[in-house]
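Numbering (full-length UniProt numbering), first residue to last: 1 to 288. Where a beta carbon is used, it is the ideal one built from N, C-alpha and C, also for glycine. Source: prediction; values computed, not measured. Structure, as structure tokens:
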Amino acid sequence: MKKILVTGATGELGSTVIKTLLKTGTAENISVLTRKEESKIEFEKRGLNAFIGQYSDVQSLEKAMENLDTVLLISSGDQGDRMQEHKNVIDTAKKKGVQNIAYTSRSLKDKNTLVNKLMMEHFLTEDYIKESGLKYVIFRNALYMDVLPLFVGKNVFEKGILQPARNGKVAYVLKAEQAEAIANVLMNENFENQTFNFTGSDAYSFYDVATALTELTGKQVNYKSIEVEPFKKIMLENGVPESMVKKIVDFNLDIKNGQEEMVTNELQQYLGRKPKNLKEGLKILFNL
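Right, dumping it as structure tokens:
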């Protein structure tokens, strides 16, 4: 088995990758990077090699990458300098003699017409990996279905769905299934500079989301597509911070423009089964 470092180990994606790796691999071959001492202790109890560190701390990365052949770089959040953090991980992997790097990118139709410029950093990271000379696997993941409760809001069954996405569609996938497929690739595939588009088997609009929620609950849920400016006004009046409103609008505009609608069977191939469809996923996410 490869000796693998999983970054972002305490997040849902990282923790499910680790759980899947442990099904067929041994804990001593898995290293994890975490920011918290209590998490480090918990990982060590499970037999994993755990290191305190973060992407901005090169010394901690160097320590975590001793005697490894593979690093899974789970993309950083957008709170700091994400590109520099990613470069730190890639540069350190190269310096420490790591052979393989995997990266969690995004499955989007055309990087040149994106509204959400934060997504461009994924493609810039892909380019930096390719220039590094490391053998790579890039996972272009669809938008996680897990974000839907946040998009539609707590009062979806009373007020319905209001978004500026028109009839744009998304090939949603549950985060846990993305992680499981990623782990299967890490364990079983040679790194030969592949790029996988891990998407759901179908793409869905917010009209489809509303219909699925109606069928699951018996409560009528409607979707209304609204123009951007009135949508912004409503969000701000509801107390949503302006920076968050911008992110939500940018995601919606990319959905409207077809950026998220790509469908492939690559996830199914590495998951070993068909991923859960919209209705199955919503049942889990809303505890229905």
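Suppose the cutoff is 6 Å on Cβ atoms and the five residues either side in sequence are ignored; what does the same chain contact list for Lys224 look like? Mapped onto the sequence shown, residue 224 falls at position 224. Excluding residues within five positions, the ones whose Cβ falls inside 6 Å are Leu162.
Name, in chain order, the residues that DSSP records as bridge partners for Phe198. As a working note, residue 198 is residue 198 in the sequence shown. Asn141.
Can you give me the C-alpha to C-alpha distance between Tyr144 and Glu261, rounded to a whole angstrom? Translated into the one-based positions of the sequence shown, residue 144 becomes position 144. Translated into the one-based positions of the sequence shown, residue 261 becomes position 261. Their backbone Cα atoms lie some 13 Å apart in a straight line.
CB contact flag (residue 302, Leu148, <8 Å): In this structure the chain extends from 1 to 288, so residue 302 is not present and cannot be described.
Chain-order list of residues whose beta-carbon lies under 6 Å from that of Ile30 (same chain, five-residue window excluded): Here residue 30 refers to the residue found at position 30 of the sequence shown. Hits under 6 Å: Ile4, Leu21, Leu48.
Can you pull the DSSP bridge partners for Thr7? Numbered from 1 along the sequence shown, position 7 holds the residue referred to as residue 7. Answer is none; Thr7 lacks a bridge partner.
Buried or exposed: which applies to Lys95, given that a residue is buried once 16 or more other Cβ atoms fall within 10 Å of its Cβ? The residue given as residue 95 occupies position 95 in the sequence shown. Its Cβ having fewer than 16 others within 10 Å, Lys95 is exposed.
Using a threshold of 8 Å, state whether the C-beta atoms of Val185 and Val137 are closer than that. Taking the sequence shown and counting its residues from 1, the one referred to as residue 185 is at position 185. Taking the sequence shown and counting its residues from 1, the one referred to as residue 137 is at position 137. It is a contact, given that the beta carbons lie within the stated cut-off.
Going along the chain, which residues of its own chain have a beta-carbon closer than 6 Å to the beta-carbon of Thr10, five neighbours each way excluded? As a working mapping, residue 10 is identified with position 10 in the sequence shown. Taken in chain order, the residues that qualify are Thr34, Ser39.
Which runs of the alpha helix (DSSP H) spanning at least 4 residues fall entirely within the stretch 240-273, listed in chain order? With a minimum length of 4 residues, the continuous alpha helix (DSSP H) runs that stay inside the stretch 240-273 are 242-256, 266-271.
Going by Cα to Cα distance, which pick from Glu131, Gln99, Lys23, Tyr55 is closest to Glu85? Within the sequence shown, residue 85 is the residue found at index 85, counting from 1. Checking every option, the nearest Cα to that of Glu85 belongs to Tyr55.
For Leu134, decide whether its Cβ has a neighbour in chain B, counting only Cβ atoms nearer than 8 Å. In summary, chain B is missing from the structure at hand, where a single protein chain is found.
For Thr92 and Met120, believed in contact at Cβ under 8 Å, the rounded distance: Here the question's residue 120 lines up with position 120 in the sequence shown. Here the question's residue 92 lines up with position 92 in the sequence shown. Not quite, the Cβ-Cβ distance comes to about 23 Å (not below 8 Å), so this is no contact.
Should Ile182 be labelled buried (16 or more other beta-carbon atoms within 10 Å of its own) or exposed? Locating residue 182 in the sequence shown gives position 182, where the first residue counts as 1. Buried, because 16 or more other Cβ atoms sit within 10 Å of the Cβ of Ile182.
Alpha carbon to alpha carbon, how far is Thr125 from Ile248? Give it in angstroms, no decimals. Here residue 248 corresponds to residue number 248 of the sequence shown, with the count starting at 1. Here residue 125 corresponds to residue number 125 of the sequence shown, with the count starting at 1. Approximately 23 Å between the Cα atoms of the pair.
Less than 8 Å between the C-beta atoms of Pro241 and Glu177, yes or no? By 1-based counting over the sequence shown, the position of residue 241 is 241. By 1-based counting over the sequence shown, the position of residue 177 is 177. No, they are not a contact pair.
Beta-carbon contacts of Phe206 that lie in its chain and below 7 Å, excluding the five residues immediately before and after: Within the sequence shown, numbered from 1, the residue matching residue 206 stands at position 206. Taken in chain order, the residues that qualify are Ile161, Gln163, Ala165, Tyr223.
Go ahead and pull the three-state DSSP assignment for Val173. On the sequence shown, residue 173 is found 173 positions in, with the first residue counted as 1. Of the three classes helix, strand and coil, the one that applies to Val173 here is strand, per DSSP.
Identify the residues that DSSP records as bridge partners of Leu33: which are they? For the purposes of this step, residue 33 is taken as residue 33 along the sequence shown, with counting starting at 1. BP columns for Leu33 point to Phe51.
Between the CA atoms of Tyr204 and Asn265 - distance to the nearest angstrom: Walking along the sequence shown from the start, residue 265 turns up at place 265. Walking along the sequence shown from the start, residue 204 turns up at place 204. Whole-angstrom Cα-Cα distance: 16 Å.
Any idea what DSSP makes of Lys109, helix, strand or coil? Within the sequence shown, residue 109 is the residue found at index 109, counting from 1. Three-state result, Lys109: coil.
Give the DSSP bridge partners of Val71, in chain order. If you number the sequence shown from 1, residue 71 lands on position 71. Its beta-bridge partners are Leu5, Ile101.
Beta-carbon spacing of Gln259, Leu118 below 8 Å: Counting from one through the sequence shown, the residue named residue 259 turns up at place 259. Counting from one through the sequence shown, the residue named residue 118 turns up at place 118. No, these two residues do not count as a Cβ contact at 8 Å.
By how many angstroms is the C-alpha of Leu216 removed from the C-alpha of Lys283? Against the sequence shown, residue 283 aligns to sequence position 283. Against the sequence shown, residue 216 aligns to sequence position 216. Computed Cα separation, rounded: 7 Å.
Applying the 10 Å Cβ sphere with the 16-neighbour rule, what's the burial state of Lys130? Here residue 130 is taken as the residue at index 130 of the sequence shown, counted from 1. It is exposed - the Cβ of Lys130 has fewer than 16 other Cβ atoms within 10 Å.
Relative to the C-alpha of Asn116, which residue among Leu68, Lys279, Gly25, Asp78 is closest? Position 116 of the sequence shown, counted from the first residue, corresponds to residue 116. If we check each option's Cα against that of Asn116, Asp78 comes out closest.
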